[in-house]
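In numbering that gives the first Met the number 0, the protein residues as written are 0 to 301.
Note that CB positions come from ideal geometry on N, CA and C, so glycine has one too.
Since the structure comes first, as structure tokens, the remarks are kept for the end.
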Amino acid sequence: MRELVVLGTGSQVASRERSQNGYFLRWDSDGFLFDPGEGTQRQMLYAGVSAGAITRLCVTHFHGDHCLGVPGVIQRLSLDDVRHPVHAHYPASGQEYFTRLRYAASFFERAEVREEPVEEEGLLSVGPFGQLWARRLEHPVESFGYQLVEPDGRRMLPDRLAQYGVVGPAVSRLQQAGSLEVDGRTVTVEQVSEPRPGQRFAFVMDTRLCEGVFRLADGADLLVIESTYLSSEQELARRFGHLTARQAARVARECGVRKLVLTHFSQRYTEPERFHEEAAAEFDGEIVVAADLTRVSVPARR
Numbered sequence: 000m001r002e003l004v005v006l007g008t009g010s011q012v013a014s015r016e017r018s019q020n021g022y023f024l025r026w027d028s029d030g031f032l033f034d035p036g037e038g039t040q041r042q043m044l045y046a047g048v049s050a051g052a053i054t055r056l057c058v059t060h061f062h063g064d065h066c067l068g069v070p071g072v073i074q075r076l077s078l079d080d081v082r083h084p085v086h087a088h089y090p091a092s093g094q095e096y097f098t099r100l101r102y103a104a105s106f107f108e109r110a111e112v113r114e115e116p117v118e119e120e121g122l123l124s125v126g127p128f129g130q131l132w133a134r135r136l137e138h139p140v141e142s143f144g145y146q147l148v149e150p151d152g153r154r155m156l157p158d159r160l161a162q163y164g165v166v167g168p169a170v171s172r173l174q175q176a177g178s179l180e181v182d183g184r185t186v187t188v189e190q191v192s193e194p195r196p197g198q199r200f201a202f203v204m205d206t207r208l209c210e211g212v213f214r215l216a217d218g219a220d221l222l223v224i225e226s227t228y229l230s231s232e233q234e235l236a237r238r239f240g241h242l243t244a245r246q247a248a249r250v251a252r253e254c255g256v257r258k259l260v261l262t263h264f265s266q267r268y269t270e271p272e273r274f275h276e277e278a279a280a281e282f283d284g285e286i287v288v289a290a291d292l293t294r295v296s297v298p299a300r301r
């Protein structure tokens, strides 16, 4: 299963309609929790997301609406006796903040949280999920966006496998070796499969337009991006290091994004449809104006 569970969509402060930030990405057997703001642990309960589903914690920057939920989440990992390690990525310049958040209150620490601070942009980790990248963004404090890249692969074709007599355990041997002798002839993996493009996910929070935004969004199947303001407040957005809905949509259009998720809305706006209208003027793909507890599927493979 690959889907985004939106836990909170408000910028700076919570409101009656919106909790502070929080985003959980199910990606096969991995679970990425991005920017848990205040109240994330409770939102996880409402959304049916258990602490045990988290395998990586990714914080873009250390403004409160993106990290004040860290203490509750980390303590919940130990309370629930989560047995697998949880990798934590965050700007290295904020090490002092993360340490304070991690040990904000007394608790019996049983879970293993492996801190992997981000010092420079680039490849952070490689695993069954593919590659996890960080790119530098432009905000008043140091901020990084995250990108998940699944390598291209091949899809095995049952009719071709049957045609060439490759059955049972021989299928996995063929995948591993690239070729196999079957009934006196060599069968290659190319003969019984077709290319399968890898999928991409991008997470872009508080930032002005910059190179990092476009590098993160490039070719994304699913782009989650802040759109704090509408274009009428474009100067305000630039001053405080944020994007408008129109700018976010422009990024999606220029980068070939398939599904665009707008979030991180200023509390001054009470009509979400205005964000959709503004984005649709720039981007003709699928647009989701996120609300708390929205579930967004990753598009099917191309």
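Asked	Found
Check whether E232 and D205 have beta carbons under 8 Å apart	no
From E234, T262, F200 and A279, residue whose alpha carbon lies closest to that of A299	F200
E193 beta carbon less than 8 Å from that of R153	yes
Distance, L131 Cα to V125 Cα	6 Å
Inter-residue spacing [alpha-carbon to alpha-carbon] between T243 and R41	29 Å
Under 8 Å between C-beta atoms of R134 and F128	no
CA nearest to the CA of F23, picked from T98, A161, Y45 and G121	Y45
Per-residue burial, F107 [other beta carbons within 10 Å of its own, 16 or more giving buried]	exposed
E149 - DSSP class collapsed to helix/strand/coil	coil
C66 - partner residues in DSSP beta bridges	None, per the DSSP bridge assignment.
Pair within 8 Å by beta-carbon distance, T185 and S10	no
Inter-residue Cα distance where the pair is D220 and E253	13 Å
G177 beta carbon less than 8 Å from that of V165	no
Host beta strand (DSSP E) of S192 (start-end)	S192 to R195
Three-way DSSP call (helix, strand, coil) for A39 in this model	Looking at the sequence shown, residue 39 is not Ala but Thr. Reduced to three states, the DSSP call for T39 is helix.
Nearest to M155 (by Cα), restricted to the options E149, S105, V140 and R172	R172
Boundaries (first-last residue) of the alpha helix (DSSP H) holding E95	Q94 to R101
Residues of its chain near R301, where Cβ-Cβ distance is below 7 Å and the 5 sequence neighbours each way are ignored	P196
Contact check, S14 vs Q266, beta carbons under 8 Å	yes
Alpha carbon of Q190 to alpha carbon of Q146, nearest angstrom	32 Å
Whole-angstrom distance between R245 and V48, CA atom to CA atom	32 Å
Contact belief for V260 with L222 at Cβ below 8 Å, rounded distance in angstroms	7 Å
Test item: CB-CB of V5 and T269 under 8 Å	no
Neighbourhood of H65 by C-beta distance below 7 Å, restricted to the same chain and skipping five residues each side	N20, D34, G36, V58, T59 and M204
V12 versus G68: straight-line alpha-carbon distance, rounded	13 Å
Contact belief for F31 with R1 at Cβ below 8 Å, rounded distance in angstroms	11 Å between Cβ atoms; not a contact.
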